[in-house]
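So the sequence lines, in the order shown, correspond to chains A and B.
In our numbering, each residue carries its 1-based index in the first sequence increased by 10.
In our numbering, each residue carries its 1-based index in the second sequence increased by 22.
By construction, the Cβ of each residue, glycine as well, lies at the ideal position given by its N, Cα and C atoms.
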Amino acid sequence: MYRSHVLVCGGTGCTSSGSAKIREKLQEEIDKNGLHDEVQVVKTGCFGLCALGPVMIVYPEGSFYSMVKEEDIPEIVEEHLLKGRIVTRLLYKETVTDNGIKSLNETNFYKKQHRVALRNCGVINPENIDEYIGTDGYQALGKVLTEMTPEQVIQTILDSGLRGRGGGGFPTGMKWKLARNIVPDADQKYVCCNADEGDPGAFMDRSVLEGDPHVVLEAMAIAGYAIGANQGYIYVRAEYPIAIKRLEIAIKQAREYGLLGKNIFDTGFDFDIELRLGAGAFVCGEETALMTSIEGNRGEPRPRPPFPAEKGLYGKPTILNNVETYANVPRIILNGAEWFASMGTEKSKGTKVFALGGKINNTGLVEVPMGTTLREVVEEIGGGIPNGKKFKAAQTGGPSGGCIPSQHFDIPIDYDNLIAIGSMMGSGGLIVMDEDNCMVDIAKFFLEFTVDESCGKCTPCRVGTKRLLEILDKITKGNGTLEDIDKMEELCYYIKANSLCGLGQTAPNPVLSTLKFFRDEYIAHVVDKKCPAGVCKHLLSFEIDPTKCKGCTACARVCPGGAIEGTVKNPHVINKDKCLKCGACIEKCKFGAIVKK
Amino acid sequence: MKSLEELKAIREKMKGQVDIREEGSDATRVVVGMATCGIAAGARPVLTAFSNAVQERDLKNVAVVQTGCIGLCQYEPIVEVYKADGEKTTYVKVKPEMVDEIIDQHIVKGNVVTKYTIDAAKLG
């Protein structure tokens, strides 16, 4: 037995900032000091505070070390682990106060969070099934198989009010009920998991899979029992190597323990799961395209109805839920529908995980009850915007969603409120933008993404998004007209109404919502030929103020285009024909003589 | 695995170990002096004995932690027990053999094991 556990984050964020080396060094120092029987090093999933990685936490004290460097390890081991003296200077600064060290749970980042789906992330070793079982893992599966009928399971999920976390927000229990009843004599049914998380900046599902893979397996088995299926597929993108590896380990361990396979808990219920890797197409996150891809065909959507609950994978009744949706299921079974329904707002129950990114101090992963305001998420949990800049908008729902401007900063976040203001919950990516972001440029960025990812099957999406992007490009280059803005808006509604699948139906949302809230910025680009945020290069010009220029030649030397002319100790001039508008000269100038207009 | 009992057995075995990662503010804290003086006097086996005993019994809200020099080096190994209400008991010259008694009598039942405390040592 170990007296102390050192939990080192092994999520993708911390792995890329070097946590694997930290772990090796830690074990090496622990062995050197003869502590290997007393102190256990555990590789866990994501803690959430990715901006401060690599992070580790030492229990039982709960000391949270952030931005750990390899050379700090000997000191942490000798001082803290051997002698019990916490190395205060290496702790996460927010936990260090005048009155001693406070718990991580009391810091602004964690205080308002409520972890249900992320319950085990950063707490257990995801590659050890025993640790999952130690935190009540597979108890819910045992309970449904021995104490509940499939109808009772479905009723519990219905009563809990759980809605799909992938973006659409369809009631999960309803999906299960349809799949159970719609084809009464089906010889085969399937349970699928959508882990094809593709929104730029979103990494909620990856973190659940990396930090707690068994929760997804357990929930899928429960779903299998509820709808009468014995085979599951997890469709996970190949770009998530750590998640895939941990899922493979988890499936193997669950099979060895008989928690997957034949005759689970001796109840006669069979259920097994296989992985299918996606090859990087965004459209495969759409349910019909995803199932077509599992079947081995090119990932293209098909019209609905028939819905998957009736004719899904291989033409059989199928349910498809998102990773985060599944991560809530075992807790609902164990704690009851009322417990889950007690959290959140009237029509959106439970919690939601968000991946915070963009202009925000605490980049990372947070889970808050539905109905938490955007202000709380950005200012309190996210630690506000760097460099004292002003909040302009937040983008939710990625390329399918829209922006939430500052006048809606106090909106309680739930499915219906976001749709009411023209955005959507999406899978949970939340990108924060400040006054330096150009909203036309943001809309263009997302359109570039959808144009790339449109599968090409239907014309409104294939051609429509391309034309939209061309108009946006024209506007950002200063060649747009007011009629272009009207035409663009009309085209948006046409694409929404006529596209085959969710990708095309939602692709115009970034344009529509920025037009709704930031039309003045579009007009500035078109009428004044100016980009108010100073982002669109074609509308900028760089000039040197001759009264401030000392003729130090620093700018001329750094200019990659050779556009700056002048002699030593005399004011320099920028040749606008040669200027690439890269801004390198501004960074170099010590006298603030170069201005962007 | 073919039964819920087997699952439960693994859970019970692991629970004591995973619970160390939970923080409770109302916890009883067992603080073992682990400075050079403490280690030299044999505090390490005492620390492990406390840690194992707590986990074996799956005691809730008990944290076994270390601290530096308490200042009474001749009485090491020193163990301080802080109850949730802030009441502090100081045990001195603790040996691993005493650990079970301190846990069962003091931590579980709330009866201070007076004979091992600093007051007893000073009187004696």
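Give every residue of the same chain whose Cβ lies closer than 6 Å to the Cβ of residue i, excluding the five residues on either side of it in the sequence, and list them in chain order.
| i | result |
| --- | --- |
| T460(A) | P409, T475, A517 |
| L62(A) | S76, M77 |
| G208(A) | F292, G295 |
| L590(A) | G571 |
With respect to the beta strand (DSSP E) encompassing residue i, which residues constitute its N-terminal and C-terminal limits?
| i | result |
| --- | --- |
| V68(A) | 66-69 |
| G506(A) | One point to set straight first is that residue 506(A) is Lys, not Gly, in the sequence displayed. Unbroken run through K506(A) is the alpha helix (DSSP H), 492-508; no beta strand (DSSP E). |
| C19(A) | 14-19 |
| Q88(B) | 84-89 |
| E553(A) | 552-554 |
| G412(A) | 412-415 |
| A403(A) | 401-406 |
| L440(A) | 439-444 |
| R247(A) | 241-247 |
| F350(A) | Segment 347-351 is the alpha helix (DSSP H) holding F350(A); no beta strand (DSSP E) there. |
| K362(A) | 361-368 |
| P251(A) | From DSSP, P251(A) is part of no beta strand (DSSP E) but of the alpha helix (DSSP H) over 251-266. |
| K606(A) | 604-606 |
| E531(A) | No beta strand (DSSP E) contains E531(A), which is instead part of the alpha helix (DSSP H) from 519-533. |
| K608(A) | Past the edges of chain A, shown from 11 to 607, lies residue 608(A), and the structure says nothing about it. |
Is the beta carbon of residue i less than 8 Å from the beta carbon of residue j?
| i | j | result |
| --- | --- | --- |
| V16(A) | V65(A) | no |
| D206(A) | L300(A) | yes |
| A337(A) | A127(A) | yes |
| L588(A) | V568(A) | Before going further, note that residue 588(A) is Lys rather than Leu in the sequence given. Taking 8 Å as the Cβ cut-off, K588(A) and V568(A) do not qualify as a contacting pair. |
| P223(A) | R247(A) | no |
| T563(A) | V583(A) | no |
| G182(A) | I192(A) | Going by the sequence as given, residue 182(A) is Thr instead of Gly. Not closer than 8 Å, so no. |
| L69(B) | R13(A) | yes |
| V87(B) | E71(A) | yes |
| I125(B) | A65(B) | no |
| G171(A) | K359(A) | yes |
| L270(A) | I261(A) | yes |
| D494(A) | K506(A) | no |
| E390(A) | R125(A) | no |
| K93(A) | A57(B) | yes |
| V450(A) | E531(A) | yes |
Since residue i meets chain A, which of its residues come closer than 7 Å, beta carbon to beta carbon?
| i | result |
| --- | --- |
| G64(B) | In chain order: nothing, as chain A lies at least about 14 Å away. |
| T89(B) | G94 |
| L26(B) | G152, T156, F275 |
| I32(B) | D140, I143 |
| L81(B) | Residues of chain A passing the Cβ test: none, with the nearest at roughly 12 Å. |
| T70(B) | R13, E48 |
| N74(B) | M11 |
Among the residues of its own chain, which have a CB less than 8 Å from the CB of residue i, if the five just before and after it don't count?
| i | result |
| --- | --- |
| G146(B) | Summary for G146(B): the model assigns pLDDT 47, below 50, so the residue's position carries little reliability, and this model does not support an answer. |
Counting only Cβ pairs nearer than 8 Å, list the residues of chain B close to residue i.
| i | result |
| --- | --- |
| I283(A) | Per Cβ cutoff of 8 Å: no residues; I283(A) is ~17 Å from chain B at best. |
| P340(A) | Within 8 Å Cβ-Cβ: nothing; P340(A) doesn't reach chain B, min ~13 Å. |
| Y267(A) | M23 |
Identify the contact partners of residue i in chain A, using a Cβ-Cβ distance below 8 Å as the criterion.
| i | result |
| --- | --- |
| A143(B) | None at all; the shortest Cβ gap to chain A is about 22 Å. |
Just reading off the alpha helix (DSSP H) that residue i is part of, what are its end residues?
| i | result |
| --- | --- |
| K31(A) | 29-42 |
| F275(A) | Taken as a continuous stretch (DSSP letters only), F275(A) belongs to no alpha helix (DSSP H), as it is neither H nor E. |
| V135(B) | Per DSSP, V135(B) belongs to no alpha helix (DSSP H) and is neither H nor E. |
| N331(A) | Looking at the DSSP string, N331(A) is not in any alpha helix (DSSP H); the run it does join, the beta strand (DSSP E), is 328-332. |
| Q515(A) | 512-516 |
| I452(A) | 449-463 |
| I7(A) | Only positions 11 to 607 of chain A appear in this structure, which leaves residue 7(A) out of reach. |
Grab me the residues of residue i's own chain with a C-beta within less than 7 Å of its C-beta, minus the 5 sequence neighbours each way, in chain order.
| i | result |
| --- | --- |
| S523(A) | G412, C413, G432, S433 |
| W186(A) | I164, I167, A233, A236, I237, I329 |
| R95(A) | E89 |
| T35(A) | Here residue 35(A) turns out to be Lys, not Thr, going by the sequence shown. Answer for K35(A): E80, I83, listed in chain order. |
Please list, in chain order, the chain A residues whose beta carbon lies closer than 9 Å to that of residue i.
| i | result |
| --- | --- |
| A57(B) | K93, G94, R95 |
| Q96(B) | Ordered by position in chain A, no residue passes the 9 Å Cβ test against Q96(B), which lies about 19 Å from the chain. |
| Q77(B) | M11, Y12, R13 |
Name, please, each residue of chain C whose Cβ falls closer than 7 Å to the Cβ of residue i.
| i | result |
| --- | --- |
| K37(B) | Of the protein chains in this structure, namely A and B, none is chain C. |
What residues of chain B sit near residue i, judged by a beta carbon separation below 7 Å?
| i | result |
| --- | --- |
| V2(A) | With chain A running from 11 to 607 in the structure shown, residue 2(A) is simply not present. |
| V133(A) | R43 |
| D70(A) | A small correction: the amino acid at residue 70(A) is Pro; Asp does not occupy that position in the sequence shown. By Cβ distance, chain B contributes I42, A85, V86, V87. |
| Y148(A) | L29 |
If the cut is a Cβ gap below 9 Å, which residues of chain B does residue i touch?
| i | result |
| --- | --- |
| L17(A) | R43 |
| Y75(A) | None at all; the shortest Cβ gap to chain B is about 15 Å. |
- Identify every run of the alpha helix (DSSP H) within the region 122-159 of chain A, keeping only runs that are complete inside it and at least 4 residues long; order them along the chain. 139-144, 149-157
- Message: Give the list of continuous beta strand (DSSP E) stretches no shorter than 3 residues that lie fully inside the region 26-90 of chain B.
- Response: Runs of the beta strand (DSSP E) inside the region 26-90 of chain B: 50-55, 84-89.
- Message: Give the list of continuous beta strand (DSSP E) stretches no shorter than 3 residues that lie fully inside the region 165-237 of chain A.
- Response: 200-205
- Task: May I have a chain-ordered list of the beta strand (DSSP E) segments no shorter than 3 residues that lie completely inside the region 293-318 of chain A?
- Result: none
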